[in-house]
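Trainee:
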């Protein structure tokens, strides 16, 4: 499996679904409270931006627009982020 395939799989199978669950949970918490704190609004905006960036990376991979070194760097960053999150 190439690094591009690994990156695409990591994004589509783990990162994006995890972000969507976190966004849904935050929306649910905001709905229950009937209002959102500044921190919740900031978190929601950050997660939405991350999700948008992830979708953009998947699209770029599909169009073969990323260089191998960029792919390796993104893959390493996301694996580190995922490892820290799971720790």
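Numbering (UniProt numbering), first residue to last: 1 to 87. Ideal Cβ positions, reconstructed from N, Cα and C, are used throughout, including at glycine.
Below 7 Å between beta carbons: does that hold for residue 4 and residue 71?
Mentor: yes
Trainee: Quick check: the region 43-53 against the region 76-87, are at least 3 beta-carbon pairs closer than 8 Å?
Mentor: no
Trainee: Taking Cβ positions, are residue 75 and residue 8 nearer each other than 7 Å?
Mentor: no
Trainee: On the CB-based measure, 16 or more other CB atoms within 10 Å of its CB, does residue 57 come out buried or exposed?
Mentor: Note on residue 57: 16 or more other CB atoms within 10 angstroms of its CB, so buried under the neighbour-count rule.
Trainee: Would you call the CB atoms of residue 13 and residue 54 closer than 7 Å?
Mentor: no
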